[in-house]
Amino acid sequence: MRSNSPAMRRPAAGAPGPPAELCWENVVIGEHLTVRREFDPPHPTTGHRVAEWHGRLIDNSRWGFSLRGDDGRRQGFFAWSIGPGYRQSVTRSPDPAQKSQRLPAD
Numbered sequence: 001m002r003s004n005s006p007a008m009r010r011p012a013a014g015a016p017g018p019p020a021e022l023c024w025e026n027v028v029i030g031e032h033l034t035v036r037r038e039f040d041p042p043h044p045t046t047g048h049r050v051a052e053w054h055g056r057l058i059d060n061s062r063w064g065f066s067l068r069g070d071d072g073r074r075q076g077f078f079a080w081s082i083g084p085g086y087r088q089s090v091t092r093s094p095d096p097a098q099k100s101q102r103l104p105a106d
């Protein structure tokens, strides 16, 4: 059965497609990343449905990666492949140092 929904249509030739999903091959040590996990059912220990981590990439392999938070502490190890009970998205985020820089007032 053929669908005409926008999600099922191919983009026109030359049209930009959705951004490529981040993976171990297209991130660079030092980049700022955001990891967002959505749990369903809620996380068994914390009860949270959503958790986010922000930090600078300090370790990367085909199995997973680690971040260093703004406080300088390691944020843990995140697997590139997701596990049961949650969805995970990894996105680039702006450098906090650049966000905090302000132009001088005239």
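FYI, the UniProt record's numbering numbers position 55 of the sequence shown as 55, with every residue one higher than the one before it.
C-beta: ideal position from N, C-alpha, C; glycine also.
Values in this document were obtained by computation on a predicted structure and should not be read as measured data.
So residue i packs on residue j, CB below 8 Å; how close in whole Å?
i     : j     : result
Arg56 : His32 : 6 Å
Val35 : Phe78 : 5 Å
Ile58 : Arg49 : Between Arg49 and Ile58 the Cβ distance is about 28 Å, and since that is not below 8 Å, they are no contact.
Express the C-alpha separation of residue j and residue i in angstroms, rounding to a whole number.
i           : j     : result
Val90       : Trp24 : 11 Å
Gly83       : Asp70 : 26 Å
Leu22       : Pro42 : 25 Å
Pro94       : Pro44 : 31 Å
residue 123 : Trp80 : The chain is shown from 1 up to 106; residue 123 falls before or after that span and cannot be answered.
Gln75       : Asn26 : 20 Å
Arg37       : Phe65 : 15 Å
Arg87       : Gly47 : 16 Å
Gly85       : Asp40 : 5 Å
Ile29       : Asn60 : 7 Å
Arg73       : Pro96 : 15 Å
Based on DSSP bridge pairs, tell me the residues matched to residue i.
i     : result
Gly55 : Leu33
Glu25 : Per DSSP, none; premise fails for Glu25.
Arg68 : Arg56 and Arg74
Taking the continuous beta strand (DSSP E) assigned at residue i, which residues delimit it?
i     : result
Trp89 : Checking the displayed sequence, the identity of residue 89 turns out to be Ser instead of Trp. Here the beta strand (DSSP E) through Ser89 covers Tyr86 to Arg92.
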